[in-house]
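From first to last, the protein sequence lines stand for chains A and B.
Position one of the first sequence corresponds to residue 0 (numbering that gives the first Met the number 0), numbered consecutively onward.
Position one of the second sequence corresponds to residue 0 (numbering that gives the first Met the number 0), numbered consecutively onward.
All residues carry an ideal CB built from backbone N, CA and C; glycine is no exception.
The structure presented is a predicted model; accordingly, all values stated were derived computationally and were not measured.
All remarks here apply to the structure that follows.
2 protein chains.
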Amino acid sequence: MPAKRQEPTAHVHSPAIEDYLEQIHNLIEGKGYARVVDIAKNLGISQASVTNMIQKLDAEGFVVYERYRGVVLTDEGRKVGAEIARRHEVLTRLLAGFGLDPQTVHEDVEGMEHHISRQTLDVLTLLMEELEGNAVLMRKLRTKLAGLA
Amino acid sequence: MPAKRQEPTAHVHSPAIEDYLEQIHNLIEGKGYARVVDIAKNLGISQASVTNMIQKLDAEGFVVYERYRGVVLTDEGRKVGAEIARRHEVLTRLLAGFGLDPQTVHEDVEGMEHHISRQTLDVLTLLMEELEGNAVLMRKLRTKLAGLA
DNA sequence: CATTAATTTTAGCCTGGGCTAACTTTTCAG
DNA sequence: CTGAAAAGTTAGCCCAGGCTAAAATTAATG
């Protein structure tokens, strides 16, 4: 076995699962509970689809589900949801710092946040922090960016 | 109609389609032609799946396909393929510059390359160029990165 | 508290994009 | 030029994750 390149818990989830957990996490964070309606609204899909997925999330131990009652995150589910939310925030701050159109930032972040390893997240966090604390560099880059009209 | 936020040709394709076109593009670039076997090998999927998708790509005008003969890119197909290859290169150079494990870089890039708008690509290109030309900054960041062990 | 509205769930369906097995066509070595 | 190997194709299947319509449950209002 010549080196398997795999961390202890490499846990990779489908983008869909991550989207649900992120959203549930955000809802609970924000209003204390997560209803099917709201999850559906935020993800832009039907309520029926949400119910389906929630049942799968329960079966896979990310969530505790009880018919007609709300949904609660398990420790594992909370971990994943928070993780994605974190990636979301880093990406958003990094891109928004350049003054990109918010809609575009949002779309790109939505797409990219599912594909970022710990290592890459560290790099992007570093870049974000550097830029947020280095106005000179930021100005220089934004000027160049404006030149690419 | 209060502003639809949409470029003339916003053309968004499925990740699968983009993967195929990128791969076909690379193969043609590299060896002058793209065979089903090679596409399958590079994407890590079966030849049958490739044949299927190639027929769809033909139907959608990305490729010209003739049974048992190879496959050729249309102008549109070439445009998309080259575009993805470009995003691939920028992301790879940006991340590799930080000395990340090549396998990780590859995986992250594979995932992210389908979700990057023109604007975001410009930003990342800018960052890549800045870092490649600013050894002092690069060293500083890599040092910090190493500190996150 | 009864009825209407809102929410949730179930049932059944559909599409994208994989797969294997079996068959056909092309290529190539002898 | 022939027959085996390689490449390509077809047929039929599967699964994730959407959807709608209709049924069930819970909430809210007159």
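Taking the Cα positions, residue 14 of chain A is about 28 Å away from residue 37 of chain B. Residue contact with chain B for residue 83 of chain A: absent (no Cβ-Cβ distance below 8 Å to any residue of chain B). Under the 8 Å criterion on CB atoms, residue 27 of chain B is classed as non-interfacial with respect to chain A.
Residue-level contact by beta carbon fails for residue 22 of chain B and chain A, as no gap is shorter than 8 Å.
By the 16-neighbour rule on beta-carbons within 10 angstroms, residue 22 of chain A is buried.
Taking C-beta atoms under 8 Å as the contact rule, residue 88 of chain B and residue 140 of chain A fail to qualify, at a distance of about 20 Å. Counting along the chain, the unbroken beta strand (DSSP E) around residue 64 of chain B starts and ends at 62 to 64. The residue among B/75, B/69, B/65 with its C-alpha nearest the C-alpha of residue 16 of chain B is B/75. Here residue 147 of chain B carries a coil assignment [DSSP, helix/strand/coil]. Around residue 129 of chain B, the beta-carbon contacts reaching into chain A at under 7 Å are 140. Using a Cβ-Cβ cut-off of 8 Å, residue 12 of chain B does not count as an interface residue toward chain A, since no Cβ of chain A sits closer than that to its own. Setting aside the 5 residues that flank it on each side, residue 49 of chain A is surrounded in the same chain by 35, 38, 39, each with a C-beta closer than 6 Å to its C-beta; the list follows chain order. The beta carbon of residue 126 of chain A sits closer than 8 Å to those of 93, all from its chain and outside the five residues before and after it, given in chain order. The secondary-structure analysis by DSSP pairs residue 72 of chain B across a beta bridge with B/62. In the three-state DSSP reduction, residue 110 of chain B falls in the helix class (H, G or I). In the three-state scheme derived from DSSP, where H, G and I count as helix and E and B as strand, residue 34 of chain B is classed as coil.
Chain A has no Cβ within less than 8 Å of the Cβ of residue 52 of chain B. For residue 121 of chain B, the enclosing alpha helix (DSSP H) begins and ends at 117 to 131. Chain B has a Cβ within less than 8 Å of the Cβ of residue 115 of chain A. Within chain B, no residue has its beta carbon less than 8 Å from that of residue 42 of chain A; the closest one is some 17 Å off.
Within the same chain, and ignoring the five residues on either side of residue 144 of chain A in sequence, the residues whose Cβ sits closer than 7 Å to its Cβ are 97. Excluding the 5 residues flanking it on each side, residue 83 of chain A has same chain C-beta neighbours closer than 7 Å at 17, 20, 21, 112, in chain order. Exclusion of the five residues before and after residue 60 of chain A leaves 73, 75, 76 as the residues of its chain whose Cβ lies within less than 8 Å of its Cβ. In this structure residue 10 of chain A is exposed. Its beta-carbon is surrounded by fewer than 16 other beta-carbon atoms within 10 angstroms. Spatial neighbours of residue 148 of chain B in its own chain (CB-CB distance under 8 Å, excluding positions within 5 residues in sequence) are not present.
In this structure, DSSP gives residue 48 of chain B a helical state, which the three-state scheme calls helix.
Proximity of chain B to residue 121 of chain A at the Cβ level (cut-off 8 Å) is accounted for by 144, 147, in chain order. Among the CB atoms of chain B, one or more fall inside 8 Å of the CB of residue 103 of chain A.
Neighbours of residue 56 of chain B across chain A, judged by C-beta separation under 7 Å, do not exist; the nearest C-beta is about 22 Å away.
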